[in-house]
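Before any comments, here is the structure.
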Amino acid sequence: MKFTSVVMRQWLVYVFVASMFAVSCNPAGSGDTPGPQSVATITEADEVIAVIGDSEVTLGDLFDQIGGQLGLMDFQYRSQRHQVIETAMKQFVRTKLLESEAQSRGITVDVLVAEVLGGKVSVSDDDVNFFYIQNQAQLGGRSFESLAPQIRAYLENEIRDSVLEEFAQGLVEDHDVNYVLSPFRVNIDTTDSPMFGNVEAPITLIEFSDFECPYCQSFIATLEQIKAEYPDEVKIIFKQFPLNDIHPNAQKAAEASLCAHEQGKFWEAHDLYFAEQDRLEVANLEEKAERLGLDTLAFSACLESGEYA
């Protein structure tokens, strides 16, 4: 399918690169890692949570410490909540359509399901054996004989679900079902953020990333492919997401890239920092600024000021 053919309206695609590598890179419970705070709209900032003498401590006072963690938790909760609702909605519609179809045929739903499946749920011994061989490394050394019945049942359920899903999808199309549940969205402030591509592009890809993270670096090839293949359809926005707990140079690299952005060289710095990911100490950043042709005095002053800390 041609890429642009799916662009029926303004889409905002959020690519949380940080979330993709968080399981591998980010220690659980890390509280001081700055996350995508704008992912969450936290309305309790003025809530008083402690009193020290005559001074009140509000939840907002803790945002520098745990704002990223709260934002990510809020995003995950709302994303999972929407997914649960969407799945239940489609299951509910499917059940109603099956009931209606069964009634129109003068049979029960169970009989309808049996008719739909009619001889299609067939798993051969070769299928079971192939599955075992393909997944043997993940099966904990258990023998084929001990697992064969479970594998067969699993494959039969997969076929059953696939056949019923295809039938139900046909009913959805025949009955002109329209799902009007709003797509899951998050609001991210991208004001003054580095941007690459066509400002009017119908698709926005927002990358949360860390210059010292190897998983982020592995995304660069994909990013370059997107830039090359969809120059008019996609604009790319970069958001800083340094994992300070485990990447000691990530914070300064993030700040340095924004100092380079002030001089119109963010993407050049972006590419260089990822290419030389093992050399991101402040001295290296200063040297890179010179290689990028930046005003090194302005760059150094910006980096030392902590403006983007």
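Residue numbers (the numbering used here): 10 to 318. The C-beta atom is built at its ideal place from N, Cα and C for all residues, glycine as well. Here the structure is a predicted model, which is why all the values come from computation and not from measurement.
- Query: Under 9 Å, do A269 and Q249 count as touching if we go by C-beta distance?
  - Reply: With contacts defined as CB atoms closer than 9 Å, A269 and Q249 fail to qualify as a contacting pair.
- Message: Give the list of continuous beta strand (DSSP E) stretches no shorter than 3 residues that lie fully inside the region 131-212.
- Response: For the beta strand (DSSP E) assignment, the uninterrupted runs of no fewer than 3 residues enclosed by the region 131-212 are, from N- to C-terminal side, 204-206.
- Taking just the CA atoms, how far does F140 sit from D170? Put simply, the backbone Cα of D170 is about 18 Å away from that of F140.
- Message: Determine whether the beta carbon atoms of E65 and A59 lie at a separation below 9 Å.
- Response: For E65 and A59, yes; Cβs fall inside 9 Å.
- Item | Pairwise C-alpha distance: E165 and T130 | Before going on, a small fix: residue 130 reads as Val here, not Thr. Here the C-alpha atom of V130 lies approximately 6 Å from the C-alpha atom of E165.
- Boundaries of the beta strand (DSSP E) in which F247 is found, first to last residue: Here the beta strand (DSSP E) through F247 covers 243-249.
- Task: State the Cα-Cα distance for the pair T67 and M82, rounded to the nearest angstrom.
- Result: So the alpha carbons of these two residues sit roughly 19 Å apart.
- Message: Contact defined as beta carbons within less than 8 Å: I believe K274 pairs with L306. What is the distance between those atoms, to the nearest angstrom?
- Response: With 8 Å as the limit, K274 and L306 do not qualify as a contact, their Cβ atoms being about 15 Å apart.
- Task: Could you name the residues of the same chain whose beta carbon sits closer than 7 Å to that of D136, not counting the 5 residues immediately before and after it, in chain order?
- Result: The beta carbon of D136 sits closer than 7 Å to the beta carbons of L164 from its chain, once the five residues preceding and following it are set aside; these are given in chain order.
- Message: Under 8 Å: do the region 231-242 and the region 201-211 share three or more Cβ pairs, one atom per stretch?
- Response: As far as the Cβ criterion goes, the region 231-242 touches the region 201-211, which means the pair count is three or higher.
- Query: Quick one, are the C-beta atoms of A177 and L126 less than 9 Å apart?
  - Reply: No, the Cβ-Cβ distance between A177 and L126 is not below 9 Å.
- Query: So which of R194, C222, S218 has the shortest CA-CA distance to S88?
  - Reply: In terms of Cα proximity to S88, the closest of R194, C222, S218 is R194.
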